Structure formats: structure tokens, C-alpha cells
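Working notes for the structure below.
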Amino acid sequence: MSEIIDGQSATLTFGGELVGNVYQYQFFNGSPTVIRHQSLSAPAREYLPAQPDYGTATLQLYRNHADPGQQRMALSQATRKVESCVLTLDDGTTLSFDAFCEAIPLIGGKQTGQTINRSTARIRITGIISTA
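In short: position in the sequence shown from 1, add 300, done, that's the numbering used here.
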């Protein structure tokens, strides 16, 4: 396993390919649609959760066009293809879900005289999350 964040060994595969050079991530930041329900005799409105929406995943990464996982993400964006993803956490927990890449932009700059290319990639999660 390669590091996804310093000191951790969590990994993400996208379409079966390990996504490399990720230094920070945020997953499952969606929220369910809320159904408003109010009977005529109710003293106040009531709200119920609808189907879950797991939202998006945001990956901060060092952009590497030769990385198979990053290539697969870019291809998903270009072809609008949904791919199978697996997030494996440090403790061995695996979370499986389907997703597609919404964006994988290129951000350039210099750091201590070296050119660096970064990206804030956005992956849209679709469907249910399976845990193993």
C-alpha cells in the first residue's frame, strides 16, 4: 500500500487502479434530501430524511499524469463513466462505492525552486456505500 496521507496507509482505488500522491482527503460530505411533512392538525412542521446522498469526495493530490489512478479519474471525467471505488482505511475497514470524477484540475507553482503540480480532485459518489 502506498501512503495517502503522511503517516497513514489508507488507500483509494478508482476503477481498480490505486490513486497515488494523495496527501489529504475528505469523503462522504453529502446529506439526505429532507421531506417536509405537516398534517393540517400538527402544531409544527415535521421533517423526515429521504434517501441518503453521500455527496462528493475531495482529494488533494500532487498531480502526476503517469499515475494509473489519476489517469483513470481523468478518463472518467472525459467519458462521463461511473467507476467502482474502494477506500481502505488504516484499520483495514473497506468502503466500496460507485463514483465518477467531476473535476481533476491542474494547479501549478514553485516550492523551494522546484515546479510542483497539484490538484483538488472532486469525485461524485453515486448509490450506496458498502462496508467490509
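No residue lacks a Cβ here, since even glycine has one placed at the ideal position from N, Cα and C. Source: prediction; values computed, not measured.
*Could you tell me the distance, in whole angstroms, from the CA atom of R424 to the CA atom of N329?*
Taking the straight line joining both Cα atoms gives about 10 Å.
*What did DSSP end up calling Q338 once you bin it into helix, strand or coil?*
coil
*Looking only at C-alpha atoms, which of C385, A421, L389 and T393 sits nearest to E402?*
Nearest option by C-alpha distance: A421.
*Neighbourhood of F400 by C-beta, 8 Å cutoff - its chain only, sequence neighbours within 5 removed*: S376, Q377, R380, K381, V382, E383, I423, R424 and T426
*asked:* Are the CB atoms of Y325 and A357 within a distance shorter than 8 Å?
replied: yes
*On the three-pair Cβ rule with 8 Å, is the stretch 328-342 touching the stretch 363-375?*
No contact exists between the stretch 328-342 and the stretch 363-375.
*Cβ atoms of D398 and A310: under 8 Å apart, would you say?*
no
*Alpha carbon to alpha carbon, how far is A350 from L312?*
Using only the alpha carbons, I get a separation of about 28 Å.
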